[in-house]
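Under this note's numbering, think of the first position of the sequence shown as 142, with each following residue one higher. Glycine included, C-beta positions come from ideal geometry on N, C-alpha and C. This report concerns only the one structure given below.
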Amino acid sequence: MFSLTRRLGLQPARLLSTSFGSRCTEVPSSADMDTQRKRVLYRARKRGTLESDLIIGTFANQYLKELTPAELNDFEKLLDEDDPYVYKWIMKQEVVPEKYNTPLMQRLQAHSKKGEFREYGW
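Pasting the structure below:
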């Protein structure tokens with residue numbers, strides 16, 4: 142269990158308190174946020190398709206440090222979704238589900254239109 146907590150960047154007591162349904166509302170520490178940002182950045186760069194790697198990865202490179210804790214959590218939840226769906230939502234090829242239709246998604250869509258990912262040879 143403790144190796145899992147290290148990989149997730151959680152403290153053992155915190156893992157136990159949240160795993161039993163406690164409604165803990167503590168503000169994440171700076172170290173927790175840094176760990177989460179590193180995890181999200183890695184996941185944004187390693188999506189599985191080149192298109193998503195470039196669009197989502199360059200967005201994360203550019204804007205990740207500006208995201209609020211709530212936006213960072215929303216971004217991480219978005220990364221849990223299947224790659225083809227996320228790509229189609231960002232490119233406006235499919236309707237974005239209500240739970241992901243947020244200002245963060247609008248920023249991702251605007252980022253994809255700017256073509257800032259083209260610097261990587263696309």
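Report task. Starting from the C-beta of residue 236, find all residues in its chain whose C-beta is less than 7 Å away, skip the five residues before and the five after it, and write them out in chain order. Result -> none
Query - Candidates 225, 186, 187, 239: closest to residue 215 by CA position - result: 239
Query raised in the report: Do you know offhand how far residue 171's Cα is from residue 233's?
Result: Going by the C-alpha atoms only, they are around 34 Å apart.
Report task. Over the uninterrupted alpha helix (DSSP H) stretch that includes residue 199, give me the two end residues. Result -> Residue 199 -> alpha helix (DSSP H) spans 191-204.
**Report entry** Rounded C-alpha distance that separates residue 199 from residue 193
**Finding:** 10 Å
Query raised in the report: For the putative contact between residue 174 and residue 210, defined by C-beta atoms under 8 Å, what is the C-beta separation to the nearest angstrom?
Result: Indeed they touch by this definition, with Cβ atoms about 7 Å apart.
Query raised in the report: What residues in its chain sit with their C-beta under 6 Å from that of residue 201, if we drop five residues either side in the sequence?
Result: 182, 185
Report task. Give me the Cβ distance between residue 189 and residue 224, rounded to the nearest whole Å; I'm assuming they're in contact under 8 Å. Result -> About 5 Å; that satisfies the 8 Å criterion.
Report task. For residue 191, count neighbouring C-beta atoms within 10 Å of its own C-beta (all shown protein chains included) and say buried if the count is 16 or more, exposed if not. Result -> That one is exposed.
Query raised in the report: Excluding the five sequence neighbours on either side, which residues of its own chain have a C-beta within less than 6 Å of the C-beta of residue 178, listed in chain order?
Result: 205
Query raised in the report: Going by C-alpha distance, which of 197, 180, 176 is nearest residue 255?
Result: 197
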